[in-house]
Amino acid sequence: MYEFDWSSIPGALPFLWHGMVRTLQITGVAIVVGIVLGTVIALLRLSKNWILSNLAALYVNGFRSIPLVMVLLWFYLLVPQLISSLIGRPAMDIRLLSAFVAFALFEASYYAEIIRAGIQSVSTGQISAGLALGMTRGLTMRLIILPQAFRRMVPLLLTQAIILFQDTSLVYVIGLAEFFGVAYNTGNRDGTLVEMLLFAGAVYFVISFGASMLVRTLQGKLAS
Amino acid sequence: MVTLAAGLDWGIFFKPAFDGSGNYLRFLFVGLQWTLLVSLLSWVLAFIVGAFIGILRTFPGKFLPTLAAVYVEIFRNIPLLVQLFLWYFVFPEIVPGLGTWFKQGFSPLFQQLISGVLCLGLFTAARVAEQVRSGINSLGSGQRGAGLALGLNLMQVYRLILLPVAFRIIVPTLTSEFLNTIKNSAVVSTIGLAELSRQSQQLGEFTAHWYEAFIAVTVLYGIINITVMLISRLLERAIRLPGYVGGRG
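Top to bottom, those sequences are chains A and B.
Residue numbering for the first sequence follows the working numbering, beginning at -3 and increasing consecutively.
Residue numbering for the second sequence follows the working numbering, beginning at 34 and increasing consecutively.
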């Protein structure tokens, strides 16, 4: 029978907390940039200009057809080279910066699809009504369509955020230590990999499950 | 950018690989085979387990649906990478007897393959289960009731009435789940299985031709994606039902 040794976890908590902060930083940046950029891409995709809509489709389909692992590797190759040719030595951890950029741009492609579906779910009559009132297309979009679309999308956007929170563990492939990386490294060093991995799994489960319960409650409230 | 300025050297794929297995083109091809093998095996496991769990979720009563829901929540709320490490590092350690058998009875490659397929298969099963459930639920309770009223038992209602339609309805979402499985298979590179993304990293490390390696692998993933989508479109056309969305009227 395996003898569990949980004794190294209390001592590792400060480092794990530090890792969790980093996990949340990556998640937060990716949510904010992802939703803003995703909205722009969704609007471009729905635009009447075929060049813009095709470019937006290329962006979305491109990112969605390659594994996140490859996306992270790509940006860990591109970002350091771009930075060094633009500004020389970077002021922050280059792995973290690469992860920020990779996740923000990657998530934008997923958010764009959610937002596009949200915009399309608002009936076209509303656009006509806005235009009939003398509003421009931009104004109609901003004041009438987007507010309704976003209200409907909230549960989906949050669910995507929970998936994103879990996916940040993949920065392991570029050697960046966020929550999971810290847990793995600590376990590896102290010979308590089994306990650390179980602990990390439990923490992810509690946070993700708790968050998805909240989303479900919210969804119920929005529906009623 | 320096590397790009120097120009890409595609001749690298015809140079002999560091492991002596042939040239780097073959090296990538080996990676492609592992990606496809892991994805297909995982998909078979995901489909069987997922269908089972999804059906249980729609069963009458309380116990079985709850059990199935617990499965879905566990596998959906732990990151794939963590699950993979749990299967590979933790599971063989904490299950009595299994660890020694697993570590001594199998080559490292088989250990990676088994862990990878179990992980990816059971992870994807939770997602397949949700789709199977929503497929069955989309049929409404009328068909189930009609079947029972005709004197069929529950198994017959599922086998003869609900499942044949439900599975056809969810083919498009199952396709995108299969595509996800292929993309997720890149995660098994972290335990050392030589699939595509691992091969691209190795190629980059040993030759310093990172761009060529990454571009080639990215294009390969794109080709796999397009191929699967074309096949699934043929499948959808072959099995679609009249009267349902996308079906002949």
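We put the beta carbon where it would ideally sit given N, CA and C, even for glycine.
The structure presented is a predicted model; accordingly, all values stated were derived computationally and were not measured.
Below 8 Å, can you find three or more Cβ-Cβ pairs linking the region 98 to 117 of chain B to the region 210 to 223 of chain B?
With contact defined as three or more Cβ pairs closer than 8 Å, the region 98 to 117 of chain B and the region 210 to 223 of chain B are in contact.
Counting only runs of 4+ residues fully inside the region 126 to 185 of chain B, write out the alpha helix (DSSP H) ranges in chain order.
Counting whole runs of 4 or more residues, the region 126 to 185 of chain B contains the alpha helix (DSSP H) stretches 131 to 138, 141 to 170, 174 to 182.
Are the CB atoms of L92(A) and I22(A) within a distance shorter than 9 Å?
Against a cut-off of 9 Å, the Cβ pair of L92(A) and I22(A) comes out as a contact.
For F59(A) and V161(B), what's the separation of their Cα atoms in angstroms?
About 23 Å.
In the region 26 to 75 of chain A, which residue ranges form an unbroken alpha helix (DSSP H) of at least 4 residues, counting only runs that do not cross its ends?
Fully enclosed alpha helix (DSSP H) runs of 4 or longer: 46 to 61.
So, are the CB atoms of F105(A) and G34(A) less than 9 Å apart?
A small fix is needed here, since residue 105(A) is Ser in this sequence, not Phe. In contact: S105(A) and G34(A) (Cβ atoms closer than 9 Å).
Indicate the three-state DSSP secondary structure (helix, strand or coil) for P197(B) in the structure shown.
Here P197(B) sits in helix by DSSP.
For a contact meaning CB atoms closer than 9 Å, what does S208(A) contact in chain B?
Chain B residues near S208(A): E106, R109, N110.
Report all residues from its chain with a CB closer than 6 Å to the CB of W76(B); omit the five preceding and five following residues, and keep chain order.
If we look at W76(B) and ignore the five residues flanking it on each side, its Cβ neighbours are F211, T214.
Amino acids of chain B, ordered along the chain, whose beta-carbon sits closer than 8 Å to that of V190(A):
What V190(A) touches in chain B: F122, V123, E126, I127.
In terms of residues, what are the limits of the alpha helix (DSSP H) holding G83(B)?
For G83(B), the enclosing alpha helix (DSSP H) begins and ends at 57 to 90.
V65(A) versus I115(A): straight-line alpha-carbon distance, rounded
Straight-line Cα distance between these residues: approximately 30 Å.
Leaving out five residues on either side along the sequence, give the residues of the same chain with a beta carbon under 8 Å from the beta carbon of V178(A).
Closer than 8 Å at Cβ, skipping near neighbours: A8, F11, L12, H14, G15.
Residue of H242(B), R90(B), T206(B), F92(B) minimising C-alpha distance to F47(B)
Closest by alpha carbon: H242(B).
Nearest chain B C-beta to F102(A) closer than 9 Å, yes or no?
It does not: the Cβ of F102(A) has no partner Cβ on chain B nearer than 9 Å.
Tell me P10(A)'s beta-bridge partners as DSSP assigns them.
Paired residue(s): none; P10(A) is not in a bridge.
Within the continuous alpha helix (DSSP H) that includes K217(A), where are the two ends?
Under the DSSP assignment, K217(A) falls in the alpha helix (DSSP H) whose first and last residues are 189 to 219.
Contacts that G247(B) makes with chain A (C-beta to C-beta distance below 8 Å):
Note that residue 247(B) is Phe in the sequence shown here, rather than Gly. Listed along the chain, the chain A residues whose CB falls inside 8 Å of the CB of F247(B) are M66, L69, W70, L73.
Residues of chain B with CB under 9 Å from L193(A), in chain order?
Those within 9 Å of L193(A) in chain B are V115, F118, L119, F122, V123.
Separation of V71(B) from V123(B), as counted between CA atoms:
Rounded to whole angstroms, V123(B) to V71(B) spans 21 Å at the Cα level.
Rounded to whole angstroms, what is the Cα-Cα separation between N50(A) and V67(A)?
One C-alpha to the other measures close to 21 Å.
DSSP-derived helix/strand/coil call for L263(B)
L263(B) falls in the helix class under three-state DSSP.
Quick one: which chain B residues come within Cβ less than 8 Å of A196(A)?
The answer, in chain order, is V115.
Just grab the DSSP bridge partners of P49(B) for me.
Its beta-bridge partners are N56(B).
For chain B, check one thing: does any of its Cβ atoms lie closer than 9 Å to the Cβ of M(-3)(A)?
Yes, contact with chain B.
Along chain B, in chain order, which residues have C-beta atoms closer than 7 Å to that of Q162(A)?
Below the 7 Å Cβ cutoff, chain B contributes P112 as neighbours of Q162(A), in chain order.
Cβ neighbour criterion (16 or more within 10 Å) applied to T133(B)
It is exposed - the Cβ of T133(B) has fewer than 16 other Cβ atoms within 10 Å.
Give the residues of chain B in contact with F96(A), contact being defined as C-beta atoms less than 8 Å apart.
The premise fails here: F96(A) is roughly 19 Å from chain B at the closest Cβ pair, so nothing lies under 8 Å.
Neighbour flag for V36(A) against chain B, beta carbons, 9 Å:
Chain B, which has no Cβ nearer than 9 Å to the Cβ of V36(A), makes this no.
Skipping 5 residues on each side, what residues in its chain have a beta carbon closer than 7 Å to that of G30(A)?
Answer for G30(A): A100, E103, A104, Y107, listed in chain order.
So is N45(A) buried or exposed if we call it buried at 16+ other beta carbons inside 10 Å?
Exposed.
What three-state label does DSSP hand I5(A) in the structure shown?
For I5(A), the three-state secondary structure derived from DSSP is helix.
Using a Cβ cut-off of 7 Å, pull out every chain B residue sitting near V169(A), in sequence order please.
Result: T223.
Going along the chain, which residues of its own chain have a beta-carbon closer than 7 Å to the beta-carbon of V19(B), five neighbours each way excluded?
Past the boundaries of the shown model lies residue 19(B); chain B is included only from 34 to 282, so the question cannot be answered.
Just to confirm before moving on: does the CB-CB distance between I169(B) and L142(B) stay below 9 Å?
Not closer than 9 Å, so no.
From the beta carbon of N258(B), is the nearest beta carbon of chain A less than 9 Å away?
N258(B) counts as touching chain A.
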